[in-house]
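Okay, structure first, notes after.
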Amino acid sequence: MALGVADLDDGVRRLAGQTGLGNYEGGVFPGGLRNWIFPLGGDVYLEVENAAGATGGPAAWFQRATGDGTERWMFWCLRADTREELEQVASRLGSEVQVIPGRREPDGTQRVVTSAPAGEVALRARRAGLPNWYYRDDPANNPARREVTGDRTAVGVAWLEVAGDREQFREHIGRETFDRLPLRFVSGEPGLHAVAVHTADGEETVIRRAPAGQDTF
Numbered sequence: 004m005a006l007g008v009a010d011l012d013d014g015v016r017r018l019a020g021q022t023g024l025g026n027y028e029g030g031v032f033p034g035g036l037r038n039w040i041f042p043l044g045g046d047v048y049l050e051v052e053n054a055a056g057a058t059g060g061p062a063a064w065f066q067r068a069t070g071d072g073t074e075r076w077m078f079w080c081l082r083a084d085t086r087e088e089l090e091q092v093a094s095r096l097g098s099e100v101q102v103i104p105g106r107r108e109p110d111g112t113q114r115v116v117t118s119a120p121a122g123e124v125a126l127r128a129r130r131a132g133l134p135n136w137y138y139r140d141d142p143a144n145n146p147a148r149r150e151v152t153g154d155r156t157a158v159g160v161a162w163l164e165v166a167g168d169r170e171q172f173r174e175h176i177g178r179e180t181f182d183r184l185p186l187r188f189v190s191g192e193p194g195l196h197a198v199a200v201h202t203a204d205g206e207e208t209v210i211r212r213a214p215a216g217q218d219t220f
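Numbering-wise (my numbering), the sequence shown opens with residue 4 and increments by one.
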């Protein structure tokens with residue numbers, strides 16, 4: 004899941020202060036989109052991203068969504084366990100798998116993003132608040148597995164709060180997967196509204212922000 008912010012340093016500081024969770028610098032995407040990562044446990048992580056000074060790709064979308072200083076959920080993703088599974092998702096949605104350059108980490112490591120759907124199918128899905136999928140062929144290097152130090156330790160996602168058409172979500176995600184996801188539906192702008200995270204101290208911390216909204220596309 005990606006949280007767009009108008010000021011990266013301030014956004015990271017406020018999220019860390021709210022949740023007590025550890026985090027680290029993720030790097031920079033092609034075009035200049037800056038990235039920071041909060042591991043949430045269970046191979047899940049939250050990306051805080053800022054497009055100030057960035058060009059091309061999703062930069063304009065991020066700038067429109069956060070230009071008023073509001074932090075917004077930009078998108079959320081599901082993980083495919085295999086490349087074959089990702090191919091099946093793409094085929095089911097009438098799209099294809101795309102492989103594009105990802106972020107360059109501070110140490111110079113260049114990441115690659117392998118995801119589905121692509122193109123107009125992906126755009127329509129985001130407008131409806133639906134997730135996309137990604138696959139990584141190096142699970143040991145999942146960003147969620149990096150050790151971080153914070154006041155609290157995240158051990159997994161408890162639930163996600165989303166808005167949109169429940170049946171559309173079910174068809175898009177696939178009925179079997181949909182039934183396993185801890186989704187809570189609310190009214191409002193389609194998209195992700197909140198993420199609740201289990202912490203090692205037995206508590207839940209809830210991260211609630213506005214979704215990017217269809218008018219920013």
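Don't be surprised by glycine CBs; every beta carbon is placed ideally from N, CA and C.
Have a look at S118 and V124 and give me their C-alpha separation to the nearest angstrom. The residue given as residue 118 occupies position 115 in the sequence shown. The residue given as residue 124 occupies position 121 in the sequence shown. Their Cα atoms are separated by approximately 12 Å.
Which of helix, strand or coil DSSP assigns to V124: Stepping through the sequence shown from its first residue, residue 124 is reached at position 121. Looking at V124 - three-state DSSP - the assignment turns out to be helix.
Selected residue, minimal CA-CA separation from Q171, among H196, R129 and E206: Residue mapping note: residue 171 aligns to position 168 of the sequence shown, counting from 1. Looking at the Cα atoms, R129 is the closest of the given residues.
Curious, which full-length beta strand (DSSP E) runs of at least 3 residues does the region 106-189 contain? Complete beta strand (DSSP E) runs here, min 3: 113-119, 135-138, 157-166 and 186-189.
I'd like the span of the beta strand (DSSP E) that includes A199, first residue to last. The residue you call residue 199 lines up with position 196 of the sequence shown. G194 to T202 is the span of the beta strand (DSSP E), which, as asked, contains A199.
Same chain only: Cβ atoms within 6 Å of L81, ignoring 5 sequence neighbours per side: Residue numbering aside, residue 81 sits at position 78 when the sequence shown is read from its first letter. Closer than 6 Å at Cβ, skipping near neighbours: P134 and W136.
Confirm, please, whether the CB-CB distance from H196 to R212 is below 9 Å. For the purposes of this step, residue 212 is identified with residue 209 of the sequence shown, where counting begins at 1. For the purposes of this step, residue 196 is identified with residue 193 of the sequence shown, where counting begins at 1. Yes, Cβ-Cβ distance for R212 and H196 is below 9 Å.
Bridge partner(s) assigned by DSSP for E88: To locate residue 88, count along the sequence shown from 1; it is residue 85. Per DSSP, none; premise fails for E88.
Run through DSSP, which three-state label would W39 get? In the sequence shown, residue 39 corresponds to position 36, counting from 1. W39: strand per DSSP, three-state reduction.
Quick check: what's the CA-CA separation for G205 versus A19? For the purposes of this step, residue 205 is taken as residue 202 along the sequence shown, with counting starting at 1. For the purposes of this step, residue 19 is taken as residue 16 along the sequence shown, with counting starting at 1. If I take the Cα positions, the gap works out to 18 Å.
Since L6 and M77 are thought to touch, with beta carbons under 8 Å apart, how far apart are those beta carbons, to the nearest angstrom? Against the sequence shown, residue 6 aligns to sequence position 3. Against the sequence shown, residue 77 aligns to sequence position 74. Going by Cβ atoms, the distance from L6 to M77 rounds to 7 Å, so yes, they are a contact pair.
Kindly list the residues whose CB is nearer than 8 Å to the CB of R149, restricted to its own chain and excluding five residues on each side of it in sequence; keep chain order. In the sequence shown, residue 149 corresponds to position 146, counting from 1. Closer than 8 Å at the Cβ level, and outside the excluded window around R149, lie Y27, I40 and P42.
Beta-carbon contacts of I210 that lie in its chain and below 6 Å, excluding the five residues immediately before and after: Looking up residue 210 in the sequence shown gives position 207. So the list reads V198, once near-sequence residues are dropped.
How about W64 and A157: do their beta carbons lie closer than 9 Å? Walking along the sequence shown from the start, residue 64 turns up at place 61. Walking along the sequence shown from the start, residue 157 turns up at place 154. Going by C-beta atoms, W64 is not nearer than 9 Å to A157.
For G70, I'd like the list of residues in its chain whose CB is within less than 8 Å of its CB, leaving aside the five on either flank, ordered along the chain. Along the sequence shown, read from residue 1 onward, the residue named residue 70 stands at position 67. Result list for G70: A9, in chain order.
Compute the beta-carbon to beta-carbon distance between L11 and N53, rounded to the nearest angstrom, for a pair I have assumed lies under 8 Å. Residue numbering aside, residue 11 sits at position 8 when the sequence shown is read from its first letter. Residue numbering aside, residue 53 sits at position 50 when the sequence shown is read from its first letter. About 4 Å; that satisfies the 8 Å criterion.
Can you check which of these residues, Q113, G132, A68 and R114, is closest to F188 by C-alpha distance? If you number the sequence shown from 1, residue 188 lands on position 185. Closest by alpha carbon: G132.
Return the Cβ separation of E50 and G29 in integer angstroms, given the expectation that the two are a contact with Cβ distance under 8 Å. As a first step, residue 50 is located in the sequence shown; it is residue number 47 there, counting from the start. As a first step, residue 29 is located in the sequence shown; it is residue number 26 there, counting from the start. About 6 Å separates the Cβ atoms of E50 and G29, confirming a contact at the 8 Å cut-off.
Rounded C-beta distance between V115 and G105? I'm assuming under 8 Å. The residue you call residue 115 lines up with position 112 of the sequence shown. The residue you call residue 105 lines up with position 102 of the sequence shown. The pair is a contact, with the Cβ atoms about 5 Å apart (cut-off 8 Å).
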